[in-house]
Amino acid sequence: MMRYCRDVGMQPLYAIKLIMNEIKIFCPATIANLSCGFDVLGLCLETAGDEMIIRKSDKKGVRITKIVGADLPLETEKNVAGVAALAMLDAVETEFGFEIEIYKNIKAGSGIGSSAASSAGAVFGINELLGQPFTRKELVLFAMQGEKLASGNAHADNVAPALLGGFTLVRSSSPLDIVKIQSPSELYATVVHPQIELKTSDARSVLKQTVSLKSAITQWGNVGGLIAGLYTQDYELIGRSLHDEIVEPLRSVLIPGFDLIKKTAYENGALGSGISGSGPSIFALSKGKETAEKIGKAMSAIYDEMNLPYEVHVSKVNDEGMKIIAP
Ligand code: HSE
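Take 1342 as the starting number for the sequence shown in my numbering and just add one per residue.
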């Protein structure tokens, strides 16, 4: 059955009943783009993320009642979680509303999907309280409304892996067509986040609106290569495909020490390295935890040397995505 609501073109669902009153969830961080896949590829991390508590309220609508760890608006319409939840509640007829508490660990403007974790978390949590009227893929449409508020663009390459886990491909945004991509079990990500804020809208404003045919050919060759490498567990093919000659050259100048961090990642065994999402975080993929940790240490040494505060995350690809942590 196709379901469409006002914002995302779905028919409303009626007489939805609540199956739980409160839920606590883990909302994972994500790496979007993965070098060659600007706005279409993403992967889910397991060691970095926010938490949210969502509970039923007798009052209709959505209220953000608490935000810990970030200075973000409590007004529902100005908060990405609020906007995503409202888009979802436009598609379901309920006699009650929801309160949301957000515990942020992922800093805004970090490049590891802070707004996506909140947008996707809100709709995932409400959907669980309602007994899962929507599939995780359908929730992507609602979560994208939060991304639109955050960056002016309803991109799905962070919310899709946050909701579905693993690697995801946004084959098309309109109509939405998301594909979950199988990935090898020993694939690890290292992310270093220099503690500066880079707004996605600013990082998008430096991009050109056209690309040369030559660059486009290189890029789609690499996207195909990366997907083939993930499916066939061909780590070398994955590495050869992690290359971006369209977006990275324009954005990397915004990130302190980018070239050196990337070079160091390769020297320490990375399969590939590039900008995580819109930056300033820089990611590297590698085979095995040991190499991923070694890369993390080498990246840290560079920012130590530059006297720049940073955070490092080493994570396996998280195949599960959003998850319930209580009750
Ligand atoms: N694909 C988006 C961008 C991701 O690079 O602008 C933002 O995290």
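Think of the CB as a built atom: it goes at the ideal place given N, C-alpha and C, for glycine as much as any other residue.
Three-way DSSP call (helix, strand, coil) for residue i in this model
i, result
"leucine 1480", "helix"
"serine 1622", "coil"
"phenylalanine 1439", "strand"
"glycine 1423", "helix"
"valine 1500", "helix"
"isoleucine 1511", "Reading the sequence as shown, one finds valine at residue 1511 and not isoleucine. Residue state, collapsed to three classes: strand."
"tyrosine 1345", "Unreliable positioning characterises tyrosine 1345 in this predicted model, as indicated by a pLDDT of 41, which lies under 50. A coordinate reading is not provided."
"valine 1594", "helix"
"phenylalanine 1552", "The residue you asked about is not phenylalanine; residue 1552 is valine in the sequence shown. Three-state result, valine 1552: coil."
"lysine 1358", "coil"
"valine 1433", "strand"
"valine 1588", "coil"
Residue(s) in a DSSP beta bridge with residue i
i, result
"valine 1653", "Val1533"
"threonine 1371", "Cys1385"
"lysine 1664", "Phe1367"
"aspartate 1391", "Cys1368"
"arginine 1396", "Glu1363 and Glu1440"
"leucine 1528", "Lys1628"
"arginine 1311", "The chain is shown from 1342 up to 1668; residue 1311 falls before or after that span and cannot be answered."
"valine 1564", "Answer is none; valine 1564 lacks a bridge partner."
Min CB distance residue i to chain B below 9 Å
i, result
"phenylalanine 1475", "No chain B is part of this structure, which consists of one protein chain only."
CB-CB length for residue i against residue j, believed under 8 Å
i, j, result
"lysine 1358", "glycine 1410", "The pair is not a contact, with the Cβ atoms about 33 Å apart (cut-off 8 Å)."
"alanine 1642", "alanine 1625", "Incorrect: roughly 14 Å between the Cβ atoms, too far for contact."
"glutamine 1536", "proline 1650", "4 Å"
"isoleucine 1453", "alanine 1370", "4 Å"
"serine 1556", "isoleucine 1587", "5 Å"
Range covered by the alpha helix (DSSP H) that runs through residue i
i, result
"lysine 1638", "1630-1646"
"isoleucine 1579", "1576-1582"
"threonine 1541", "1541-1546"
"alanine 1463", "1455-1470"
"aspartate 1600", "1599-1608"
Extent of the continuous beta strand (DSSP E) run through residue i
i, result
"serine 1614", "1613-1616"
"valine 1520", "1517-1522"
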